[in-house]
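*Asks:* Counting along the sequence shown from 1, when you hit position 19 you're at 352 in this note's numbering, and nothing is skipped either side. Positions of the beta carbon are idealized from the N, C-alpha and C atoms, including for glycine. Pasting a structure below so you can have a look.
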Amino acid sequence: MNDFPTDFQTVAKSGNQLNPISSYALMQNFVWGRLLVDDSLLDDTTSMGFAAKRLKIPPVPQSGTYVLGAISGVLQWIATEECP
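Given below as structure tokens:
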């Protein structure tokens, strides 16, 4: 179904109470799913009352074809041609 280290849906549906979901497997999935990014690209924020990080991405242009890139160390949307 997915490529997470542990597929918890499969574990839960197995009904095997002798083999419960482990805290290790849960943390392994959290670490696997975490985006690793330079701290300069993150803002501190909150989500549902918890401390969180927000990725600093410039607003997406409303029309046209763009790629996200960096020019002189500044993250920005760069206009490009549409591919057929």
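1) So what does Leu-375 bridge to, in DSSP terms?
2) Excluding the 5 residues flanking Arg-387 on each side, which residues of the same chain have their C-beta closer than 6 Å to its C-beta?
3) Have a look at the DSSP bridge pairing and note the partners of Ala-403.
4) Per DSSP, which residues does Ser-380 bridge with? Please list them.
5) Just the Cα atoms here: how many angstroms apart are Leu-408 and Asp-372?
6) Under the assumption that Trp-365 contacts Phe-337 (Cβ atoms under 8 Å), give the Cβ distance between them as a whole number of angstroms.
*Replies:* Short version:
1) Leu-388
2) Asp-376, Thr-378
3) Leu-408
4) Phe-383
5) 14 Å
6) 6 Å
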